[in-house]
Amino acid sequence: ISTLLGVILVRVLSHFVKVFQTEEFNRRRRCFNQLLGVGIFSLVVCIIAMTTDNNFFKMASELLLVLSWLLAAILLSMLIRLEPKKLNPGLELYMPVILVGILVVTLRILFLPNRMMNLLFPPLLLGIFIWQLVVCRKYSGKADKADSIISWISLFIIAVSTIMSWTGYLFLGLLVMIGWLFQVAAIETITAATVLLGFYFRKRLGGRIDKAQGEARLSGTKAGKGDFIFVTWLYDLFKVAVLPVIGVLSVPFCINLALNVFDLREISHRIFHKPIFDVQNATGEVILHLTFYKIVLVVCLYFIFRYACYAVKAFYKVMMTERLKLKSGRSHIHTNEINLTLANNLIGVLIWGIYIVVCILIMKIPMGAISIVAAGLATGLGLAMKDILNNFIYGIQLMSGRLRVGDWVECDGVRGKCTAISYQSTQIE
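At position 148 of the sequence shown (counting the first as 1) the number is 162 in the numbering used here, and the numbers step up by one without a gap.
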């Protein structure tokens, strides 16, 4: 009924809104009608949930809203990122997955008896596996590459769930299947957000970056990474940190959603917080405590610290450039007039050092044990790596300003331009 209302609404609006009269929209009409139907359905379910005190309807509404998110994420993502000719193949590839989600949620709402589930679902999953295999082979060359990859992974997941259901582990198979359905929705949501971020970069930031390039902050060279951080900092934040963090968090989020469909919140909490490693010494002091939740937290912090390292280096470079321009009274300067090598290395060591310390604290590794090990290693390595440490000190001396990236040097009859300086080597082109 919601989809039918969506079709009628689009036909009415097509008489008044010019966008709905274009050929481009007509080629996307089928997918748009379905998305509008999902939106109307979600609105009706929300109204029911807010206006009823019946616990059954509240539980059913919650599950149906989750299902609506699954459908809307897939449809909206395809509308945003796909060409019209690839929409129908994409829809065909996702239809078996969508049908499984509808079946699982519907039967969960109806409280179908276990015996009936054991009777119905194994042949249903087998039929859906065959359907998914047919559409994967039929549309793999016609659909978008990302959709093809997801559809083949879906085929594998459906195969695993089918085998589980036929060998007596139906409930586990359904959990695997519904968890993957939610993960598909999360992947599509993140993919759509990435495409929209690219649109924002081209439409809103492109002109501002061109203007900054026209000002020629650094003459004689191409714009480097982070040269326009004052313009792109928000875009970089989402691209480098926010979207990857959301991608990592989507895994436990989807697992939790799948377990909540079957009202298994307690098991969800145990999965995330049960120790994978819980090592103690002779006195009972914890020397390593690792859980799934902590692994996710450490990975998320990695992306946050990576952006912090990039942003601090970029802001420092811009500020040093502007300071030198102001001091010299010139509007253009060369890159080799700014010594950034040592500062960049110090910023990297400091930020990643903080990240390592935070990870150690999260995993409850005693600092005393690390200090003892580090002292012993320092003594042995100091003797064994004398020459390497000498090179390390020489590298710091070079990075402090004796030699800069962009300088021309001559050594033993070989002349070249310095392209990079690190602790252990200097690259000359």
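Built from N, CA and C at the ideal position, the CB exists for glycine as well.
By the three-class DSSP mapping on this structure, what secondary structure does residue i have?
i	result
residue 85	helix
residue 378	coil
residue 283	helix
residue 430	strand
residue 98	helix
residue 305	strand
residue 291	strand
residue 361	helix
residue 352	coil
residue 443	coil
residue 368	helix
residue 142	helix
residue 423	strand
residue 435	strand
residue 24	helix
residue 129	helix
residue 154	coil
residue 183	coil
residue 276	coil
Using CA coordinates, which residue listed in the options is at the minimum distance from residue i?
i	options	result
residue 408	33, 194, 440	440
residue 103	33, 44, 188	44
residue 119	144, 97, 143, 80	80
residue 90	78, 77, 99, 105	105
residue 356	416, 304, 341, 344	416
residue 363	340, 22, 326, 38	326
residue 111	213, 133, 140	140
residue 41	285, 21, 101, 248	101
residue 181	287, 135, 210, 74	135
residue 188	24, 171, 316, 406	171
residue 261	208, 24, 217, 122	208
residue 213	94, 196, 341	94
residue 183	192, 25, 132	132
residue 69	123, 56, 36, 82	123
residue 270	37, 142, 190	190
Which whole-angstrom value is the C-beta distance of residue i and residue j, which I expect to be below 8 angstroms?
i	j	result
residue 138	residue 169	With 8 angstroms as the limit, residue 138 and residue 169 do not qualify as a contact, their Cβ atoms being about 16 angstroms apart.
residue 314	residue 263	7 angstroms
residue 173	residue 267	Not a contact, Cβ separation roughly 25 angstroms.
residue 365	residue 319	6 angstroms
residue 442	residue 427	Their Cβ separation, rounded to whole angstroms, is 13 angstroms, which puts residue 442 and residue 427 out of contact at 8 angstroms.
Contact the segment 275 to 286 vs the segment 319 to 335: 3+ CB pairs below 8 angstroms: Contact between the segment 275 to 286 and the segment 319 to 335 is absent: fewer than 3 CB-CB pairs across the two stretches fall below 8 angstroms.
Three CB pairs or more closer than 8 angstroms across the segment 168 to 177 and the segment 247 to 259: Not touching, per the Cβ criterion.
Inter-stretch contact (C-beta, 8 angstroms, three-pair minimum) for the segment 45 to 60 and the segment 79 to 87: Proximity of the segment 45 to 60 to the segment 79 to 87 meets the contact definition, three or more beta-carbon pairs being nearer than 8 angstroms.
Every unbroken beta strand (DSSP E) inside the segment 320 to 344 [3 residues or more]: Here no run is fully enclosed.
At least 3 beta-carbon pairs within less than 8 angstroms: the segment 110 to 122 vs the segment 56 to 65: No contact exists between the segment 110 to 122 and the segment 56 to 65.
Cβ pair count under 8 angstroms reaching 3, the segment 142 to 151 against the segment 125 to 132: Cβ pair count under 8 angstroms is below three, so no.
Alpha helix (DSSP H) runs contained entirely in the segment 186 to 268, provided each spans 4 or more residues: Counting whole runs of 4 or more residues, the segment 186 to 268 contains the alpha helix (DSSP H) stretches 220 to 228, 243 to 251.
Any alpha helix (DSSP H) of 4 or more consecutive residues that is wholly inside the segment 37 to 86: Correct list: 37 to 65.
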